[in-house]
Each structure stands twice: as structure tokens, then as C-alpha cells.
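A.B. asks:
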Amino acid sequence: MGNLQIYKLVQEVYNKLPENQKQVADYIMHNTEKVMFMNVQELAKKTNVSVASVVRFSQRVGFKGFTELRTKLTDDFQNQIASKSIFPLIDNLKEDTLTSVANIEIKNINETINLVDRKGFNKAADIINKSKLVFCAGLGVSNILATLMSYQLSLIGVQSSSFIKGPLTFLEQAINIKKESALILFSFLPHHNETIELAEYANSNSIKVISFTNSYASPITKFSEVVIPVKTENMLFTNSVSSITMLINALATEVAIRNKSRAEKTLKRLNEIFGIMAKNNL
6 MGNLQIYKLV QEVYNKLPEN QKQVADYIMH NTEKVMFMNV QELAKKTNVS VASVVRFSQR
66 VGFKGFTELR TKLTDDFQNQ IASKSIFPLI DNLKEDTLTS VANIEIKNIN ETINLVDRKG
126 FNKAADIINK SKLVFCAGLG VSNILATLMS YQLSLIGVQS SSFIKGPLTF LEQAINIKKE
186 SALILFSFLP HHNETIELAE YANSNSIKVI SFTNSYASPI TKFSEVVIPV KTENMLFTNS
246 VSSITMLINA LATEVAIRNK SRAEKTLKRL NEIFGIMAKN NL
């Protein structure tokens, strides 16, 4: 996101800034996504400067205060995403579309396998197995992925459900989540405030959060017990989901392996249900 207008404003005055304001500038330049969800006190704490220094920096680059700077940063960020080409990789197309897309997906999966820390992955499986209930949530395509995660877990005997985008917000749906539960969240660019707020609420109530994201700079990471990184490069402007669905399948499989008896009992019950349905021609 190096072409945001605010970056140019910062570069114009950077060499003239006092050291404490340079710290603020550096943090904003390297943590844009996080800053969009921070208040002035949080940014001051992160950069080890006073609130006044953050405000003075904001004024130095042409804003009345930090709130106005953050609004401009968010607007520029969203506009840049909206203005991206619908076919960002199409100019480099060297093969037929099917082969090119397949190669990108294979690359995403291979890079994701290398990115995922096995200790973190195993910890996620452990959290799921120890939880009485597992809730999954996300917005946009992440809602579909959350539903898939919940479905996979249910098939192996884990009590799970996914939040729905309806009349109730995620926070309203989370009211009755207990400490013994776990929360699996999916958050990719552009990040949704509602998902971030849910992660923060869960974290503040000692509910373990497992997050899938394509950026360690995502605001959701600071509220997560386990972060599972994924590569989501795509020929279209959207996020590819192949590496994510691979991880969902892998995580559900690991959970099942750790509690085979529960998975086998669930499979037996499912077969009984299918038998009844077949008998009644359903």
C-alpha cells in the first residue's frame, strides 16, 4: 500500500521531524492496517511517545488531529483497494487461464505450508479439542469459510456453530459465549471492524481466539491466541481461498486424529441418520 497519499505527506516533512514524531511516522508507515483501528492513546503507547506528540505529528502533516489523520488513512486505503484492477496479474499471463490459476493456487498452498508454524497449528487443534463449544465467524467470503469450518468440525463430533450476518451484530451474538468456548475468526483485506471487535471482546473475556489471516499486520492478531497465516494471491482482485480451505481441512483432520473415538461415534450416528433418510426416500 505504498501509494497512499498520506505516505507522501509524511515523506515531505520526515527529515524535519523531531525524533519522537519520527517514531510515530515510522509506525504508521509500517503498520497502516493496525493504525486504522487504533485510538490516539493506543498509538502513543505503541510508539512510546506522549499523546501530545501524536497530535503534533498529525498537525505537522496537515491534519487537525489524529482522528482526522486516521480517517484520511482509512479512506485512502479503501479507495486504493476499490481502484485495483479486477485482473491484477492478467498482464503476466503466459499460459491458458486454467493452468495459470492452478499454478497460482499451488503456489499459495505451498507457501502457506511453509508459513504455518506447526506449534501454533497444533495449539489450535488442542484449543478446539478442549473447548465445549467452538464458534466460527467472518464477513464477506470469510462468512462462507467460517461456515465451512463449523461444518467440518461438526462432522467430527465437535460442537460448533457459525455466526450469521443478520439482524444481530457479532457482538450481540457473542453475549452468551463462555470461557470454556473457543472462537475461530477469518479476517482478510479489507478487514471488517465487526470481526475485530468480536476478537477484542472474546480476548477481554478470556475466550481463546484462533484467527486465519493473510497479514500479520492485521488488527485481529493482537487479540488472538493462535494466528494461522495464509497466502491468498489471486488473478482477480479478490482473495483466493484454496490455501484457506486446505488449512480448514487439515485442522479438522488434526482435531479428529486427536480424538478418534468421538469422530467415530459421530460418523456412526451420521450413518444411522442417512439410513433413516434413505428408508424414507428423503
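Here the sequence shown stands for residues 6 to 287, numbered as in the numbering used here. Backbone N, C-alpha and C fix where the C-beta goes; we use that ideal spot for every residue, glycine too.
With DSSP collapsed to three states, give me the class of leucine 14.
C.D. replies: In the sequence shown, residue 14 corresponds to position 9, counting from 1. Helix.
A.B. asks: Whole beta strand (DSSP E) runs in the segment 125–164 with 3 or more residues, listed along the chain?
C.D. replies: 139–142
A.B. asks: If you draw a straight line from the C-alpha of arginine 65 to the C-alpha of serine 55, how long is it?
C.D. replies: Taking the sequence shown and counting its residues from 1, the one referred to as residue 65 is at position 60. Taking the sequence shown and counting its residues from 1, the one referred to as residue 55 is at position 50. Going from the Cα of arginine 65 to the Cα of serine 55 covers about 15 Å.
A.B. asks: Going by C-alpha distance, which of Asn148, Lys227 and Leu138 is nearest threonine 158?
C.D. replies: By one-based count along the sequence shown, residue 158 stands at place 153. Checking the sequence, you will find leucine at residue 158 rather than threonine. Closest by alpha carbon: Leu138.
A.B. asks: Valine 260 and asparagine 119: beta carbons closer than 7 Å?
C.D. replies: For the purposes of this step, residue 260 is taken as the residue at position 255 of the sequence shown. For the purposes of this step, residue 119 is taken as the residue at position 114 of the sequence shown. Going by C-beta atoms, valine 260 is not nearer than 7 Å to asparagine 119.
A.B. asks: I'd like to check one pair, isoleucine 253 with leucine 153: are the Cβ atoms closer than 7 Å?
C.D. replies: As a first step, residue 153 must be located in the sequence shown, where it is residue number 148. As a first step, residue 253 must be located in the sequence shown, where it is residue number 248. For leucine 153 and isoleucine 253, yes; Cβs fall inside 7 Å.
A.B. asks: What residues in its chain sit with their C-beta under 6 Å from that of lysine 236, if we drop five residues either side in the sequence?
C.D. replies: The residue you call residue 236 lines up with position 231 of the sequence shown. Contacts found: Asn113, Glu116, Thr117 and Ser248.
A.B. asks: Could you tell me which of Lys170, Asn20 and Asn208 sits nearest to lysine 184, measuring between CA atoms?
C.D. replies: Sequence index remark: in the sequence shown, residue 184 carries index 179 (1-based). With respect to the C-alpha of lysine 184, the residue from Lys170, Asn20 and Asn208 having the closest C-alpha is Asn208.
A.B. asks: Report back the beta-carbon spacing between serine 63 and phenylalanine 71 to the nearest angstrom; my notes put them in contact at under 8 Å.
C.D. replies: As a position in the sequence shown, residue 63 is number 58, starting the count at 1. As a position in the sequence shown, residue 71 is number 66, starting the count at 1. With a Cβ gap of about 5 Å, serine 63 and phenylalanine 71 count as contacting.
A.B. asks: Per DSSP, what kind of secondary structure is serine 192 in: helix, strand or coil?
C.D. replies: Here residue 192 refers to the residue found at position 187 when the sequence shown is read from its first residue. Serine 192: strand per DSSP, three-state reduction.
A.B. asks: For asparagine 20, does the count of other Cβ atoms within 10 angstroms reach 16, so buried, or fall short, so exposed?
C.D. replies: Taking the first residue of the sequence shown as position 1, residue 20 is located at position 15. Classification of asparagine 20: exposed, given that the 10 Å Cβ count is below 16.
A.B. asks: Measure the CB-CB distance between leucine 22 and glycine 67 and report whether it falls below 7 Å.
C.D. replies: Along the sequence shown, read from residue 1 onward, the residue named residue 22 stands at position 17. Along the sequence shown, read from residue 1 onward, the residue named residue 67 stands at position 62. Not closer than 7 Å, so no.
A.B. asks: Could I get the ranges of all uninterrupted beta strand (DSSP E) runs contained in the segment 216–259, with 3 residues as the minimum, in chain order?
C.D. replies: Along the segment 216–259, the beta strand (DSSP E) occurs as fully enclosed runs of 3 or more residues at 231–234, listed in sequence order.
A.B. asks: Could you please give me the residues that DSSP links to alanine 187 through a beta bridge?
C.D. replies: What you label residue 187 is simply residue 182 of the sequence shown in a count that begins at 1. Alanine 187 pairs with Val139 and Lys213.
A.B. asks: Determine the extent of the alpha helix (DSSP H) in which aspartate 32 is found, giving its start and end residues.
C.D. replies: Stepping through the sequence shown from its first residue, residue 32 is reached at position 27. The sequence shown places tyrosine at residue 32, rather than the aspartate named in the question. 24–35 is the span of the alpha helix (DSSP H), which, as asked, contains tyrosine 32.
A.B. asks: Using DSSP with H/G/I as helix, E/B as strand and the rest coil, what is serine 266?
C.D. replies: Working through the sequence shown from its first residue, we reach residue 266 at position 261. Reduced to three states, the DSSP call for serine 266 is helix.
A.B. asks: Do you know offhand how far threonine 37's Cα is from phenylalanine 191's?
C.D. replies: For the purposes of this step, residue 37 is taken as residue 32 along the sequence shown, with counting starting at 1. For the purposes of this step, residue 191 is taken as residue 186 along the sequence shown, with counting starting at 1. Between threonine 37 and phenylalanine 191, the C-alpha separation is close to 19 Å.
A.B. asks: Our contact map puts glutamate 199 next to phenylalanine 175 with C-beta atoms below 8 Å; I'd like the distance itself, whole angstroms only.
C.D. replies: Your numbering for residue 199 matches position 194 in the sequence shown. Your numbering for residue 175 matches position 170 in the sequence shown. With a Cβ gap of about 5 Å, glutamate 199 and phenylalanine 175 count as contacting.
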